[in-house]
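Residue numbers (UniProt numbering): 1 to 124. Ideal placement from N, C-alpha and C gives every residue a C-beta, glycine not left out. Just so we're clear, the structure is a prediction, and the values are computed from it rather than from any experiment.
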């Protein structure tokens with residue numbers, strides 16, 4: 001029996017840096033001298049530029065603070081991909097990204113955990 005392969009889909013090329021981010025939380029790690037135990041990691045999907053912000057916990061407050069830290073240096077992306085961690089899908093984080101006075105409705109795409117095609121960059 002010959003199986004017919006599914007057609008390949010074209011993935012649009014990202015024209016500008018820092019318009020699409022992939023974020024994740026790493027840890028728990030050994031506690032630092034400043035009391036940080038986790039990392040909020042972000043990677044630009046076009047330039048592959050990585051960021052890692054140390055935080056003491058992975059609450060939604062820590063996530064929004066880490067994102068503000070990144071945005072203050074790099075500008076605001078149009079889209080953020082993340083897994084379905086509670087700190088990323090919480091009401092505070094989604095409200096912060098969609099309805100903030102300074103952010104013009106950043107699209108938050110929460111993907112299924114372990115979907116390697118979409119989250120491979122940040123999971124490494």
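In this structure residue 110 does not touch residue 76 by the C-beta definition: roughly 19 Å separates them, more than the 8 Å allowed.
Bridge partners of residue 51 according to DSSP: 42.
With 16 or more other CB atoms across the displayed protein chains lying within 10 angstroms of its CB, residue 25 is buried. Taking 7 Å as the cut-off, the Cβ atoms of residue 108 and residue 70 do not count as close. DSSP places residue 108 within a strand segment (E or B) once states are collapsed to three.
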